[in-house]
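S.K.: 411 is the number that the working numbering gives the last residue of the sequence shown; the numbers go up by one with no jumps.
Built from N, CA and C at the ideal position, the CB exists for glycine as well.
Being a predicted model, the structure only gives us computed values, none of them experimental.
Can you keep this structure in mind? I'll have questions shortly.
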Amino acid sequence: MLKNRMYAPPAILSPSQFLGPEFWAGGAPVIPLRPWHPSAMLRSRKFGLIEELMNSNQEDAEVVEAPRLAYRNPEFLKSGPARTLRILAEYIEPQTRLRKAGVQNTVVFFGSARILPRDRALEKLRELEKLDGQGGPKPSPHELRQARRDVEMSRYYEEARELARQITRWSLSLRGRGLFLVVCSGGGPGIMEAANRGATEAGGKSIGLNIMLPTEQQPNPYITPELSLIFHYFFMRKLWFAQPARALIVFPGGFGTMDELWEFMTLLQTGKIGHRATILLYGSRWWRTAINFRWLLRSGTITEEDLRLVRYVDSPSKALELLKASLRRDRTVSAFLHRPVP
């Protein structure tokens, strides 16, 4: 006698989807799951076989999970052997989205996620100063220093916002849909938010390339929804920062900002990007203090040509001027516009 074999529904189906709600009570089956048997394929025998199995003792029945399509199997897709598929997905999915939106060239903004908008920084400082003048618990000197520093650094948020606004307006004036140059950021708060915010305020689209972190970083609300992407792999995220970029504008930042800057500089130095791109370091005093490129040159670890990869800027208008000058020298950009860059 053929051993009774029952197939459990695939994990992707709910109980009601598999047999129908009338067969389930509180998520548990009240009858055996649908059996499989060659004779069940014959109409003349199907109902008789099901009735016979329903009335038989099912205590010793073998329960086997129904097979699943490989691309619907989450255990496999999250496994080590499927890493290649995950990497490929983080190449093809962003590529598909950017092509659908008509994005070909980007201006990438990097900078600290901790820099606040001026209004929030001032509000925070006033609250602490108010507490300091009252009779209750007072803020520590460190808290007051940090709040004053946040106000000082907030200028970079406002200037990143203004620069993104100016770039987007200029792009809109060149192409009716505003897709000649699209502002791109890391999708988080701080300078990233400022860039997306400025582009949105100018009426253009903007990209956010977010990363999944142990401490979750939420996408800022100013990213164009269809251009809001999230990555698992840092190196795939960096690829999409670099590949369509015509310029990199770097504001003061920490380890992440420095990592992205050095990576981009190395790609340009070694010719791996494949097209001309400009690196602008915004805030000359801050950057000259943070990185002493002249010392690297004097010590012989870089060349004069390497030093020409970066330019310092201190205002949105100067940054836009240098960006335009760089694009005028790029023949592929003129070909894209079918005319010289104005």
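1) For Ile260 versus Phe320, is the C-beta distance shorter than 7 Å?
2) By the 10 Å Cβ neighbour count, where 16 or more other Cβ atoms means buried, how is Pro385 classified, buried or exposed?
3) Which residue wins for smallest C-alpha separation from Ile156, given the options Gly180, His301 and Glu231?
4) Is Ala182 close to chain C? Criterion is C-beta to C-beta, closer than 7 Å.
5) Please classify Tyr160: does DSSP put it in a helix, a strand, or coil?
6) Would you list the residues sitting across from Glu295 in a DSSP beta bridge?
7) From the DSSP output, in three-state form, read off Ile348 for me.
8) DSSP on Ser181, reduced to helix/strand/coil?
9) Is Phe303 helix, strand or coil when you go by DSSP?
10) Starting from Ile412, trace the alpha helix (DSSP H) in both directions and tell me its first and last residue.
11) Helix or strand or just coil, what does DSSP make of Ser368?
12) Please confirm whether Asn265 and Gly277 have their CB atoms less than 7 Å apart.
13) Quick check on the burial criterion: 16 or more other C-beta atoms within 10 angstroms. Buried or exposed for Tyr140?
14) Does the beta-carbon of Ile318 have 16 or more other beta-carbons within 10 angstroms, so that it is buried, or is it exposed?
15) Can you look up Ala314 in the DSSP assignment and give me helix, strand or coil?
16) Would you say the segment 368 to 387 touches the segment 223 to 232, given that touching needs at least three Cβ pairs under 8 Å?
17) Under the rule that 16 or more other beta-carbon atoms within 10 Å means buried, what is Ile348, buried or exposed?
18) If you check the beta carbons only, do Pro288 and Ser297 fall under 7 Å apart?
19) Quick one, are the C-beta atoms of Leu250 and Val177 less than 7 Å apart?
20) Select from Pro210, Lys207, Ile299 and Gly273 the residue whose C-alpha is nearest the C-alpha of Val252.
21) Starting from Tyr226 and walking both ways along the alpha helix (DSSP H), at which residues does that stretch end?
22) Between the alpha carbons of Asn142 and Glu162, how many angstroms are there, rounded?
23) In this structure, how does DSSP classify Pro136 when only helix, strand and coil are distinguished?
24) Taking just the CA atoms, how far does Leu146 sit from Leu154?
M.R.: From the atom records:
1) Taking the first residue of the sequence shown as 1, we reach residue 260 at position 191. Taking the first residue of the sequence shown as 1, we reach residue 320 at position 251. Closer than 7 Å, so yes.
2) Residue 385 sits at position 316 when you count from the first residue of the sequence shown. With 16 or more Cβ atoms within 10 Å of its Cβ, Pro385 is classed as buried.
3) Along the sequence shown, one-based indexing puts residue 156 at 87. Among Gly180, His301 and Glu231, the Cα nearest to that of Ile156 is on His301.
4) No chain C is present in this structure, which holds just one protein chain.
5) As a working mapping, residue 160 is identified with position 91 in the sequence shown. If DSSP states are grouped into helix, strand and coil, Tyr160 belongs with the helices.
6) Along the sequence shown, one-based indexing puts residue 295 at 226. The partner list for Glu295 (beta bridge, DSSP) is empty, contrary to what the question assumes.
7) Along the sequence shown, one-based indexing puts residue 348 at 279. Three-state DSSP puts Ile348 in a strand.
8) In the sequence shown, the residue the question calls residue 181 occupies position 112. Ser181: coil per DSSP, three-state reduction.
9) To locate residue 303, count along the sequence shown from 1; it is residue 234. It is helical.
10) In this structure the chain extends from 70 to 411, so residue 412 is not present and cannot be described.
11) For the purposes of this step, residue 368 is taken as residue 299 along the sequence shown, with counting starting at 1. In this structure, Ser368 counts as coil in the three-state DSSP scheme.
12) For the purposes of this step, residue 265 is taken as the residue at position 196 of the sequence shown. For the purposes of this step, residue 277 is taken as the residue at position 208 of the sequence shown. Yes, the pair counts as a contact, with Cβ atoms nearer than the cut-off.
13) Start at 1 with the first residue of the sequence shown, and residue 140 comes out as number 71. Taking every protein chain shown into account, the CB of Tyr140 has fewer than 16 other CB atoms within 10 angstroms, so this residue is exposed.
14) To locate residue 318, count along the sequence shown from 1; it is residue 249. So Ile318 counts as buried.
15) As a position in the sequence shown, residue 314 is number 245, starting the count at 1. Here DSSP, grouped into helix, strand and coil, assigns Ala314 to strand.
16) Cβ pair count under 8 Å is three or more, so yes.
17) Here residue 348 is taken as the residue at index 279 of the sequence shown, counted from 1. Buried, by the Cβ-count rule.
18) The count along the sequence shown starts at 1 and reaches residue 288 at position 219. The count along the sequence shown starts at 1 and reaches residue 297 at position 228. Yes, the Cβ-Cβ distance between Pro288 and Ser297 is below 7 Å.
19) Translated into the one-based positions of the sequence shown, residue 250 becomes position 181. Translated into the one-based positions of the sequence shown, residue 177 becomes position 108. Cβ distance not < 7 Å, so Leu250 and Val177 don't count as in contact.
20) As a position in the sequence shown, residue 252 is number 183, starting the count at 1. If we check each option's Cα against that of Val252, Gly273 comes out closest.
21) In the sequence shown, residue 226 corresponds to position 157, counting from 1. Residues Pro210 to Leu243.
22) Here residue 142 refers to the residue found at position 73 when the sequence shown is read from its first residue. Here residue 162 refers to the residue found at position 93 when the sequence shown is read from its first residue. In a straight line, the C-alpha of Asn142 is about 19 Å away from that of Glu162.
23) Numbered from its first residue, the sequence shown carries residue 136 at position 67. If DSSP states are grouped into helix, strand and coil, Pro136 belongs with coil.
24) Taking the sequence shown and counting its residues from 1, the one referred to as residue 154 is at position 85. Taking the sequence shown and counting its residues from 1, the one referred to as residue 146 is at position 77. Their Cα atoms are separated by approximately 8 Å.
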